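One structure is given below, encoded as structure tokens.
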């Protein structure tokens with residue numbers, strides 16, 4: 023595997039690819055800028071089924087799964103939802119392979135009472151097709167819909183308070199999971215933020231327990247939440263997870279993937295520009311022209327039908343914390359790129375997809391969440407941009423929302439952001455009303471809407487970046503929308519650099535995050 | 009960049025010209041930036057493919073837009089042509105109408121016409137989800153032929169001479185991903201049209217992946233295009249589809265392969281035994297969660 027790299031731009035450097043929503047831009051960065059490239063994908067495990075079987079037979083600090091299963095017991099299998107991985111994985115999804123193996127063992131043990139729960143937390147419910155894609159035909163046909171379903175964080179009968187942490191944080195859990203003799207959690211970890219104790223405490227929790235750590239205060243003290251030891255968010259999740267472990271027997275299974283995020287047709291997105299072959303250049307040109315000309319709906323259909331040929335790089339099972347340590351090792355060895363020092367400006371292309379818009383629209387609030395939340399936080403030690411520096415993002419940032427998936431986002435944008443963009447102020451004045459609104463609750467429970475409070479969390483996700491940065495500039499963004507978000511709009515990258523100089527001074531140092539595929543910058 | 013596009017009708021010809029200008033601009037950026045006219049700069053790192061081997065062996069033929077293209081080719085050309093050439097009669101199609109899980113379809117093999125006839129018999133929905141195992145040494149020794157066969161019939165290279173584990177892994181991937189697998193357990197076309205001995209691979213595949221096998225039999229394809237002839241001639245053909253066979257508790261792959269062979273023989277003989285007909289209850293049970301062997 024070729025490691026990640028930091029490449030300095032000179033006169034011969036080819037133009038650099040910027041994601042631009044459902045499209046691309048090819049930009050020339052100033053001479054002397056540096057481009058941070060992710061490592062190439064690790065070689066995947068050749069026979070994942072065998073590796074899974076081995077992990078279940080020889081778990082870490084736990085008994086083999088087979089020994090925990092007995093007839094007459096109540097077994098619950100919970101699994102991560104469609105927010106992972108991005109883009110969705112080409113069949114078979116690793117969760118399918120793991121669940122099939124666990125169900126096989128349960129069938130062999132003669133367990134009648136088995137249920138599978140999609141641990142969606144406050145995310146939208148998945149459709150039948152989306153669940154089928156994750157668990158595969160065989161599991162879906164056997165269990166849907168009575169014994170394979172989405173968790174419902176708003177059903178009072180389905181959620182039980184099981185205690186409080188030493189810091190006074192409430193801990194709630196799905197009733198079926200709590201009443202089970204054994205919960206097998208099937209996780210997929212793409213970035214270090216995922217997995218571990220966070221899986222159950224958020225995936226099977228409800229607003230009252232999730233709000234304990236999804237706060238502005240916690241996120242301002244998570245530097246970064248992509249590095250759990252420095253993340254207040256994760257510390258809180260771990261405290262909640264320990265209460266859960268005391269209340270219910272958990273057997274935790276985690277998998278990690280390489281960063282092979284794009285199918286063959288879009289190989290050029292996977293490669294550094296200097297690696298582009300003639301056919302990569304031709305594919306880029308064809309796709310660029312198609313996305314420049316196609317109507318937004320068609321482009322969205324094209325992009326969201328792309329499935330990633332991810333390969334599994336590790337699987338481990340057993341006690342949650344021990345398992346998670348091993349998983350993080352595997353994830354870091356795929357993502358880490360050593361970077362020397364910070365720069366005044368960081369540029370990044372915002373792609374079409376984030377964790378909260380699979381098969382949906384990346385609305386303006388989610389653009390902020392993805393750029394200043396997820397991509398900004400892809401660091402260890404300290405951010406790539408210096409404090410008071412400027413982030414330049416490229417995205418069309420249209421006033422565009424999915425009315426079924428994101429109803430509360432529309433009101434958040436129209437009502438809350440029209441008033442203030444200050445995270446603390448927003449939390450204080452608006453969060454509770456949205457979180458308890460009966461109409462949003464109804465749409466979360468009966469339709470496919472994200473929870474009423476979800477746009478707040480998406481905004482808080484960027485709280486650290488918003489407090490840290492001197493300015494944010496969006497290249498190619500719709501001017502009125504960008505202004506509503508509290509940022510500046512630029513037509514071209516050159517204009518954006520001119521504007522950035524007003525904040526950070528003449529001749530700024532520049533880094534470009536060439537992601538996705540994802541990377542984790544280890545800044546010295 | 010962010011303004012309305014020419015097709016929206018609100019800005020007309022000027023936007024179209026701007027779009028074309030953008031295309032020209034992109035072309036120039038590529039030409040200059042990637043040094044089309046000059047040698048590759050020495051300071052560029054050595055080029056790397058950066059794309060690992062596919063973690064799955066599904067292949068390009070199972071991806072969009074190839075799937076849609078093949079659907080159109082088969083629906084618009086292959087199926088009408090098969091209809092005209094063979095007037096196929098299909099018996100037992102109810103066994104493939106309610107498939108909820110991937111299955112292996114095992115048929116006798118006398119002619120290149122078998123595959124279109126079998127695909128015809130499966131119907132649109134199942135055909136769209138069926139991959140055909142094609143002899144790697146025959147169809148894939150030349151890239152163009154391999155490409156066209158994969159595009160046209162959704163085949164994948166099935167190594168008749170490779171190690172059984174490799175063949176199993178590739179086929180298992182496809183089954184796990186929800187594709188039905190059409191195989192010819194005899195391994196090659198029959199010279200005479202008579203059934204040959206089945207190889208045990210079909211049993212290995214079924215027991216390893218715990219999937220059902222649907223026996224099928226084609227009668228008459230031998231007359232349409234026998235081994236050694238390259239041009240098809242019109243002749244009547246019949247495709248018979250049998251009841252799905254399940255791997256029994258403790259059954260070995262070899263004995264299961266023998267059972268599949270027997271079922272195909274019964275279809276060839278036209279036997280109407282319970283073994284190949286069954287009742288709706290059998291069909292119902294065939295889709296129930298499987299008790300697996302460990």
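Chains as they are written, first to last, in my numbering: chain W, 23 to 546; chain A, 9 to 302. Note that CB positions come from ideal geometry on N, CA and C, so glycine has one too. Here the structure is a predicted model, which means the values were calculated and not measured.
For residue i and residue j, what's the separation of their Cα atoms in angstroms?
| i | j | result |
| --- | --- | --- |
| residue 217/W | residue 108/W | 15 Å |
| residue 183/W | residue 149/W | 28 Å |
| residue 230/A | residue 118/A | 5 Å |
| residue 70/A | residue 160/W | 20 Å |
| residue 256/W | residue 199/W | 22 Å |
| residue 66/W | residue 280/W | 7 Å |
| residue 33/W | residue 53/W | 7 Å |
| residue 293/W | residue 395/W | 24 Å |
| residue 436/W | residue 333/W | 41 Å |
| residue 305/W | residue 388/W | 28 Å |
| residue 287/W | residue 29/A | 25 Å |
| residue 281/A | residue 273/A | Residue placement at residue 281/A is flagged as unreliable, the pLDDT there being 39, under the threshold of 50; the coordinate-derived value follows with that caveat. Distance between the alpha carbons of residue 281/A and residue 273/A is about 12 Å. |
| residue 547/W | residue 443/W | Nothing can be reported for residue 547/W: it is not among the residues displayed for chain W, which extend from 23 to 546. |
| residue 279/A | residue 100/W | Note that residue 279/A scores 45 on pLDDT, short of 50, meaning its location in the model is unreliable; the coordinates nonetheless yield the value given after this. Using only the alpha carbons, I get a separation of about 48 Å. |
| residue 145/A | residue 164/A | 12 Å |
| residue 33/A | residue 339/W | 53 Å |
| residue 310/W | residue 391/W | 25 Å |
| residue 86/W | residue 276/A | 49 Å |
| residue 109/A | residue 238/A | 36 Å |
| residue 441/W | residue 452/W | 11 Å |
| residue 261/W | residue 83/W | 20 Å |
| residue 81/A | residue 75/A | 10 Å |
| residue 508/W | residue 230/W | 30 Å |
Among the options, which has the Cα closest to the Cα of residue i?
| i | options | result |
| --- | --- | --- |
| residue 177/W | 471/W, 463/W and 421/W | 463/W |
| residue 59/W | 546/W, 541/W and 545/W | 541/W |
| residue 142/A | 122/A, 132/A, 136/A and 133/A | 122/A |
| residue 430/W | 410/W, 458/W, 209/W and 413/W | 458/W |
| residue 214/W | 39/W, 93/W and 106/W | 106/W |
| residue 254/A | 113/A, 21/A and 79/A | 113/A |
| residue 152/W | 276/W, 483/W, 129/W and 326/W | 326/W |
| residue 194/A | 104/A, 109/A and 203/A | 203/A |
| residue 145/W | 122/W, 129/W, 232/W and 116/W | 232/W |
| residue 476/W | 140/W, 224/W and 45/W | 224/W |
| residue 103/A | 129/A, 47/A, 268/A and 90/A | 129/A |
| residue 251/A | 80/A, 89/A and 115/A | 115/A |
| residue 31/W | 534/W, 495/W and 78/W | 534/W |
| residue 134/W | 194/W, 97/W, 114/W and 122/W | 97/W |
| residue 543/W | 433/W, 136/W and 407/W | 407/W |
| residue 25/A | 315/W, 501/W and 247/W | 315/W |
Any idea which residues DSSP pairs residue i with across the strands?
| i | result |
| --- | --- |
| residue 227/A | 246/A |
| residue 190/A | 113/A and 140/A |
| residue 234/A | 119/A |
| residue 544/W | 360/W and 402/W |
| residue 19/W | Nothing in the structure corresponds to residue 19/W, since chain W is present only between 23 and 546. |
| residue 519/W | BP columns for residue 519/W are empty, so no partner. |
| residue 164/A | 141/A |
| residue 153/A | DSSP output for residue 153/A lists no bridge partner at all. |
| residue 102/W | 141/W |
| residue 365/W | 407/W |
| residue 96/W | 135/W |
| residue 5/W | An answer regarding residue 5/W cannot be provided, because it is not within the stretch 23 to 546 covered by chain W. |
Assuming residue i and residue j are in contact, meaning their beta carbons sit under 8 Å apart, how far apart are those beta carbons, in whole angstroms?
| i | j | result |
| --- | --- | --- |
| residue 208/A | residue 265/A | 5 Å |
| residue 94/A | residue 249/A | 16 Å between Cβ atoms; not a contact. |
| residue 102/W | residue 241/W | That pair is no contact at about 21 Å. |
| residue 104/W | residue 156/W | 7 Å |
| residue 412/W | residue 526/W | 6 Å |
Can a CB atom of chain C be found closer than 7 Å to the CB of residue i?
| i | result |
| --- | --- |
| residue 97/A | No chain C appears in this structure, whose protein chains are W and A. |
Worksheet item: In the stretch 161 to 243 of chain W, which residue ranges form an unbroken alpha helix (DSSP H) of at least 4 residues, counting only runs that do not cross its ends?
Response: 197 to 200, 219 to 225, 229 to 232 and 238 to 242
Discussion item. Which complete alpha helix (DSSP H) runs does the stretch 477 to 506 of chain W hold, if anything under 4 residues is left out?
Written reply: 485 to 490 and 501 to 506
Practice prompt. List in chain order: all unbroken beta strand (DSSP E) runs of 3+ residues lying wholly within the stretch 125 to 160 of chain W.
Written response: 135 to 141
Worksheet item: Which runs of the beta strand (DSSP E), 3 residues or longer, sit entirely within the stretch 368 to 445 of chain W?
Response: 407 to 416
Worksheet entry | Whole runs of the alpha helix (DSSP H) within the stretch 276 to 308 of chain W, excluding any shorter than 4 residues | 289 to 292
Item to complete: With a floor of 4 residues, list each alpha helix (DSSP H) that falls wholly inside the stretch 28 to 107 of chain A, ordered by position along the chain.
Response: With a minimum length of 4 residues, the continuous alpha helix (DSSP H) runs that stay inside the stretch 28 to 107 of chain A are 74 to 81 and 87 to 94.
Item to complete: Kindly provide the ranges of any alpha helix (DSSP H) runs that are 4 or more residues long and lie completely inside the stretch 24 to 88 of chain W, ordered along the chain.
Response: 70 to 79
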